[in-house]
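First the structure, in the form of structure tokens, and then the observations on it.
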Amino acid sequence: MANDGQEKPLAPKRAIQPFPITVDEELSIELRKQRKGFRKCTICCGIITAILLIFAVIMLILGFTVLHVKNPKINMNSVSIMGFDPPNVTTNLTVVADVSVKNTNVAAFKFEKSNSSLLYHGTVVGLGDIPRGVAKARRTLRLNVTFDITAAKIGGKQEFQSDLGTGKLPFQSYTKINGRVKILNIIKRKVTVTMNCSIAVNVTNGAIVDQDCKKRVLI
């Protein structure tokens, strides 16, 4: 006979069944997920847009300051004449012009080989070679341009005697330099610098008494 005091085993607990999720609740959960994803996407897009705007502003500022390509400047500093013996201009003359190329850019200005012409009353009486060169960033390059002048072309002009009477021989020079400026391999620009000078030479000592130069930059 079983012991009345013996405890009876407890009946197993029933598993708690979760309440079924309705269609509206599923839709609500899905909408919350979509809103959360949309907020994340909006934040990411906003950050990317802000970075791009900052980058654009920085590039715009650099474009007007550091990365702005400035026009090189060319100047004729002085001119000297050798072999000048007026009024009998029978031997060829040598004219040496001191020319400077000033580059104010943050990158070098590289220019090609070119030449300069010397004219007397519209007739070319001498040519000078300008070698290929590089004007370093924010530096000035000095060049000596030598002209070999044919004396017969000067003495054969009908204006020569009248110019001797005034005490001055008028010359004109034309110089053209083609080059380019390249900044960080991003900004590249070709530049052509021209210079026209009117020079008056004293017939007594060959000194330069008047000089007027006009410069022009072609892009």
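The sequence shown begins at 1 in UniProt numbering and counts up one residue at a time.
We treat Cβ as the ideally placed atom computed from N, Cα and C, and that holds for glycine.
According to DSSP, simplified to helix, strand and coil, what is Leu93? Residue state, collapsed to three classes: strand.
Among Ser78, Gln161, Gly83, which has the Cα closest to the Cα of Leu143? With distances taken between Cα atoms, Leu143 lies closest to Ser78.
Determine contact between the segment 160-168 and the segment 185-196, defined as no fewer than three beta-carbon pairs at a distance below 8 Å. No, the segment 160-168 does not touch the segment 185-196.
How would you label Cys197, buried or exposed, when you count the other beta carbons within 10 angstroms and need 16 or more for buried? Buried, by the Cβ-count rule.
Taking one C-beta from the segment 135-153 and one from the segment 116-123 each time, how about it: are there three or more such pairs within less than 8 Å? Counting C-beta pairs with one atom in each stretch, the segment 135-153 and the segment 116-123 have three or more that are closer than 8 Å, which means they touch.
Integer Cβ distance of Lys70 from Asn105, believed to fall under 8 Å: With 8 Å as the limit, Lys70 and Asn105 qualify as a contact, their Cβ atoms being about 5 Å apart.
According to DSSP, what are the bridge partners of Asn178? Note: Asn178 sits in a beta bridge opposite Thr192.
Buried or exposed by the 16-neighbour rule on C-beta atoms within 10 Å, applied to Met82: Only exposed fits Met82, as fewer than 16 other CB atoms lie within 10 angstroms of its CB.
Give me, in chain order, the residues of the same chain whose beta-carbon lies closer than 7 Å to that of Arg139; leave out the 5 immediate sequence neighbours on both sides. Asn103.
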